[in-house]
Amino acid sequence: MNEHQQRLTDYLVAFIDELSSNGVDEAVISPGSRSTPLALLLTHHPRIKTYVNVDERSAAFFALGIAKAKRKPVILVCTSGTAAANYYPAVIEARYAKVPLLVLTADRPHELREVGAPQAIDQLDLYGRHVKWAVDMALPESGQEVLRYARSAAVRGLGMSIGEPHGPVHFNFPLREPLIPDLREDLFEEGTAKRVYQGERTLAPDQGEELEKVLNERNRGIIICGPGMSPDGIQAVADFGRAKGFPILADPLSNMRSGKHGTDGIIDAYDTFLKAGTVGEDMKPDLIIRFGAMAVSKPLMLFLKGLEDVPQLVITRGEEWQDPTGRGTHYVYAHERHFCDRFAREAKQRDWIEKWIRLNEKTKDLMQEVIGEWDEGKAVKCLLETIPEQSSVFVSNSMPIRDVDTFFFSNDRSIAIHANRGANGIDGVVSTALGMSTQSPSTYLLIGDLAFFHDMNGLLVGRKYGLDLTVIVMNNNGGGIFSYLPQAKEGAYFEELFGTPMDLEFSHAAAMYGADYSLVKTESDFLQALRQAEGTKGLKIIEVLADRQKNVDNHRKMWEFVSREIHGGDRS
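Dropping the structure here:
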């Protein structure tokens, strides 16, 4: 082993060992030359599981999915040049969804930057404000100070990534040739790692007097739970709502609609009854308490915007600003559990919450009366009622997440709902779901045809590693959500610019990636396909043929029926 190889090996081993010693144990590698020493040493590490994904965009979303499922950082590695740029969409999603990622990009050494060297772009601050921290690492050199620097940089970046709010960090590694490190057996038995610890935010003892007054002077509060709730925060908020007698309007991504925390007082049909305009003055709250990010439901957001004279408490674990309506009056930076434990003084009255429960149950009963015809909504309802306990469902943006919001009713079965709601894009959805499937014994993906096509090559990593994922593709031949928006009135250009029909069916994609395939047109076909998928390992694709216009008509019919029945025909 020559001196250069020794320096290169010791430097990168110190960095990787620091991450491993602090609990980082999975890495996703995009193949390339300049990243060779990072890829080899990570793969050689006895306590780090590595995946190789040849498409950088897919690889980044795959790592994002693993990190979302584990709730801990995952390493992501690529070579220099545009490879790193292909990570950008997933880095953006990680930033806004608060997912910890450790992005390691290899780079040309300083003497080969901005001189016309091949595969060399400006990678400094490549991800801008979408990472919590970025560092252009020093070149590998000999000496204990340099090794201490490598360890310090690693633990600093890790600490930034797992600090609230979680997020991505970027390490840019300039590396000189030759790029082959030493791979002796005892490489990772040396060195003393530093340690990083993260606590939870809480209110100081002298804080909270004003909040206590706001809470105690009002007895018609409602609780809004959006995406991003912590697992232990779910139980705390459920208990808090019961103690105060406040209804909990739970977004499906809050994961409060199902589980063992108790779903009494959970309001799950608010999107429908708010859209139908059925909340009267007697149900106007005098206090709003918000946990997590803003909910998916637009009618709920408009309802909150209309409550200009009502105090709105925004509870968040990190430093981010979560107030898209601009109606927040009190901002509390604390863990959900600490807030709830501090202010959960029991209230005696039940009339207020019972009003919301009655309206919620009546709305669901009315919905059941008109959910008869087979369409996308009925398919989503069947899926969520059929899948086994402890399943995870990853939901694509656009129509799928809105149908889940509408048709996923509260229950005591532990069904976890996930989505990429940081930037709300349709890119990388297949890859993210596959990443999550590495951590879950039963994972489903609910996705539309456009989003599936957008990331279809993500299926390759599923085939390569024998991952178990059931994909339900709602094929309505285009962008279904636009049919609900004002663009739908632009008849002359609507299909070309917004509907964008692709006229695809996906049996050939299933064959190419070795997936079991079912094409379903009826409810009975769908239920049979789900039963078959449950007993089969590996990739499974269930393609549900749907009609965009029929789906729109059925949704509108349901909203009008609910509104008419609750109002008794009186819309004055």
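Per the working numbering, residue -16 is the first one in the sequence shown, and the count goes up by one each step.
Just so you know, even glycine gets a beta-carbon here, dropped at the ideal spot from N, CA and C.
DSSP, reduced to helix, strand and coil, places residue 273 within a strand of the structure shown. For residue 483, the secondary structure class from DSSP, reduced to helix, strand or coil, is coil. Leaving aside the five residues that flank residue 486 on each side, the residues in its chain whose CB is nearer than 7 Å to its CB run, in chain order, 460. The distance from the Cβ of residue 130 to that of residue -7 is about 6 Å, consistent with a contact at the 8 Å cut-off. The continuous beta strand (DSSP E) containing residue 116 extends over residues 116 to 119. Spatial neighbours of residue 40 in its own chain (CB-CB distance under 6 Å, excluding positions within 5 residues in sequence) are listed in chain order as 69. Spanning the alpha carbons of residue 446 and residue 383 requires a straight line of approximately 25 Å.
Residue 85 is not a Cβ neighbour of residue 49, given a cutoff of 7 Å. If you draw a 10 Å sphere on the C-beta of residue 255, you find 16 or more other C-beta atoms in it, and that means buried. In the structure shown, the three-state DSSP call for residue 261 is coil. Between residue 151 and residue 76, the alpha-carbon positions lie close to 9 Å from each other.
Looking at the DSSP output, residue 157 sits in a beta bridge with 90.
When Cβ pairs closer than 8 Å are counted between the two stretches, the stretch 211 to 227 is seen not to touch the stretch 283 to 293, the count staying below three. Listed as beta-bridge partners of residue 299 by DSSP are 316. In terms of Cβ geometry, residue 34 and residue 60 do not form a close pair [threshold 7 Å]. Residue environment analysis places residue 304 among the exposed positions, since fewer than 16 neighbouring C-beta atoms fall within 10 angstroms of its C-beta. Every alpha helix (DSSP H) of 4 residues or more that sits fully in the stretch 18 to 78 is shown, in chain order, as 19 to 27, 39 to 53, 65 to 68.
Pairing residue 395 with residue 183, the inter-Cα distance amounts to about 28 Å. Closest in C-alpha terms to residue 551, from the list 415, 278, 349, 235, comes 349. Look at the beta carbons and you see the stretch 487 to 499 touching the stretch 435 to 450: at least three pairs across the two are nearer than 8 Å. Straight-line measurement puts the Cα of residue 37 at about 41 Å from the Cα of residue 273.
Rounded to the nearest whole angstrom, the CA to CA distance from residue 306 to residue 326 is 22 Å. Nearest to residue 313 by C-alpha distance, out of 357, 336, 190, is 190. Residue 136 and residue 157 have their C-alpha atoms roughly 14 Å apart.
Contact holds between the stretch 326 to 346 and the stretch 228 to 241, because three or more Cβ pairs, one in each stretch, are under 8 Å apart. Between residue 388 and residue 210, the gap from beta carbon to beta carbon reaches 7 Å or more. In the DSSP secondary-structure assignment, residue 538 is not bridged to any residue.
Going by C-alpha positions, residue 65 is about 42 Å away from residue 364. Contact between residue 464 and residue 381 holds: CB atoms are separated by about 5 Å, below the 8 Å threshold. 7 Å or more divides the Cβ of residue 125 from the Cβ of residue 56. When DSSP reads this structure, residue 9 sits in a beta bridge with 32. Within 10 angstroms of the beta-carbon of residue 426 lie 16 or more other beta-carbons, which makes it buried. In the three-state DSSP reduction, residue 309 falls in the coil class, being neither helix nor strand.
Beta-bridge pairing by DSSP links residue 394 to 241. A check of alpha carbon separations from residue 45 across 419, 469, 432 identifies 419 as the nearest. DSSP places residue 204 inside the beta strand (DSSP E), whose first and last residues are 204 to 208.
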